[in-house]
Amino acid sequence: KTELKDFLHINDFDKDTILRLLDRAIDVKALIKSGDRSFQPFKGKTMAMIFAKPSMRTRVSFETGFTLLGGHAIYLGPDDIQMGKREETRDVARVLCRYNDLLMARVFAHQDILDLAKYATVPVINGLTDYNHPCQIMADALTMIEHIGRLEGTKVVYVGDGNNIVHSWLLLAAVVPFHFVCACPKGFEPDEKTVEKARQAGISKIEITNDPKEAVIGADVVYSDVWASMGQKEEAAYRRQVFKGFQVDKSLMDIAGSKAFFMHCLPAERGVEVTDEVIEAPNSIVFQQAENRLHAQNAVMLHVLGK
Ligand code: CP
Ligand code: NVA
Numbered sequence: 070k071t072e073l074k075d076f077l078h079i080n081d082f083d084k085d086t087i088l089r090l091l092d093r094a095i096d097v098k099a100l101i102k103s104g105d106r107s108f109q110p111f112k113g114k115t116m117a118m119i120f121a122k123p124s125m126r127t128r129v130s131f132e133t134g135f136t137l138l139g140g141h142a143i144y145l146g147p148d149d150i151q152m153g154k155r156e157e158t159r160d161v162a163r164v165l166c167r168y169n170d171l172l173m174a175r176v177f178a179h180q181d182i183l184d185l186a187k188y189a190t191v192p193v194i195n196g197l198t199d200y201n202h203p204c205q206i207m208a209d210a211l212t213m214i215e216h217i218g219r220l221e222g223t224k225v226v227y228v229g230d231g232n233n234i235v236h237s238w239l240l241l242a243a244v245v246p247f248h249f250v251c252a253c254p255k256g257f258e259p260d261e262k263t264v265e266k267a268r269q270a271g272i273s274k275i276e277i278t279n280d281p282k283e284a285v286i287g288a289d290v291v292y293s294d295v296w297a298s299m300g301q302k303e304e305a306a307y308r309r310q311v312f313k314g315f316q317v318d319k320s321l322m323d324i325a326g327s328k329a330f331f332m333h334c335l336p337a338e339r340g341v342e343v344t345d346e347v348i349e350a351p352n353s354i355v356f357q358q359a360e361n362r363l364h365a366q367n368a369v370m371l372h373v374l375g376k
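Under the UniProt record's numbering, think of the first position of the sequence shown as 70, with each following residue one higher.
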């Protein structure tokens, strides 16, 4: 088993690999969009997709991407495996890798994805954990390259909960230089060790603040996500109180300035973390982001399968 078998954290790849994968994503995207279906690198290959949580984008983009490139993907929903309940994670890993060339998983505890990768002899791709969401940030980086022309040197301001999305942004900032700001309510800051890791890498400017208005000035991207993530939905009402003042609305986008794009990983709760006006505005690129899940992940799958 080689060191680089899996894609569990965005900084599992170095800067050159990330930028190369994003270039590859652009090429394969153009091919797929042209209608050309002659590129079938996954022919004869199968992928098992484990979902302990709900999903639309992750499930459909992985299944579609793997299929378009010649392979067959198998969806396993929360009730199919009941990982950790009906069967131990390490047993799931050791069985599925005997049937499949690739595993993709969306789980609760981050330790579960680490265990899957440890016990599987085939590559494992992280489709979101409570801790991070690397495939999302690869798609976001691709979208920024398409719309801004670059990733390096940009200012990305995330407004909301210091959650799994923020951890992946921080880990990206540990390998690619840009300015990352997380504006969140007190007590909802991202994981301290991850912030430290990003800062210690010493290549990006990292700011954690409780003032969204100050934070967004000069942003290239204002980024938002739900205030209550999957697994926290019972806290939704409480969080709506605490996060008041962290809604991305027109006045915040006006402070950000005319060059700022609005991004959101989706699903979005309109009228909560973002207004309908902002998400529907011409500078909102949320659907381009969603589309790029497909293309960024294709590049990741090609890479981990050595294609
Ligand atoms: N952004 C994202 O991961 O969406 P899903 O939860 O629908 O997969
Ligand atoms: N932070 C969100 C992201 C959804 C794609 C969640 O974990 O529910």
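Cβ atoms here follow ideal geometry from the backbone N, Cα and C, with glycine treated the same way.
Any idea if I286 is buried or exposed, counting beta-carbon neighbours within 10 angstroms, 16 or more meaning buried?
By the neighbour-count rule (16 or more Cβ atoms within 10 Å), I286 is not buried but exposed.
Hey, is L197 close to the ligand CP, as in C-beta under 7 Å from one of its heavy atoms?
Checking the Cβ of L197 against the ligand CP gives yes.
Report the partner residues of T115 according to the DSSP bridge assignment.
According to DSSP, T115 bridges with H141.
Going by DSSP in three states, Y227 sits in which element: helix, strand or coil?
Y227: strand per DSSP, three-state reduction.
C334: which of A359, L137, D96 sits nearest, CA to CA?
Of all alpha-carbon atoms in A359, L137, D96, the one lying nearest the alpha-carbon of C334 is that of A359.
Closest to F257 by CA distance: which of F135, E265, G271, N233 is it?
Measuring from the Cα of F257, the nearest candidate turns out to be N233.
Straight-line CA distance for R309 to R159?
Cα to Cα, R309 sits roughly 38 Å from R159.
Nearest-angstrom beta carbon gap, A186 and D75 [assumed within contact, 8 Å]
Contact holds; Cβ gap of about 4 Å.
Tell me where the beta strand (DSSP E) around H248 begins and ends.
Per DSSP, the unbroken beta strand (DSSP E) holding H248 starts and ends at 248-252.
My output table needs one value for H333: the three-state DSSP class, helix, strand or coil.
The answer is strand: DSSP assigns H333 an E or B state.
Can you tell me the Cα-Cα spacing of G140 and Q109, whole angstroms?
C-alpha of G140 to C-alpha of Q109: approximately 8 Å in a straight line.
For a test of the three-state rule: what should DSSP assign to S320, helix, strand or coil?
In the displayed model, S320 falls within a helix according to three-state DSSP.
Three-state secondary structure (DSSP) at N367?
If DSSP states are grouped into helix, strand and coil, N367 belongs with the helices.
Quick check on DSSP: helix, strand or coil for E276?
Strand.
Could you name the residues of the same chain whose beta carbon sits closer than 8 Å to that of D83, not counting the 5 residues immediately before and after it, in chain order?
If we look at D83 and ignore the five residues flanking it on each side, its Cβ neighbours are V244.
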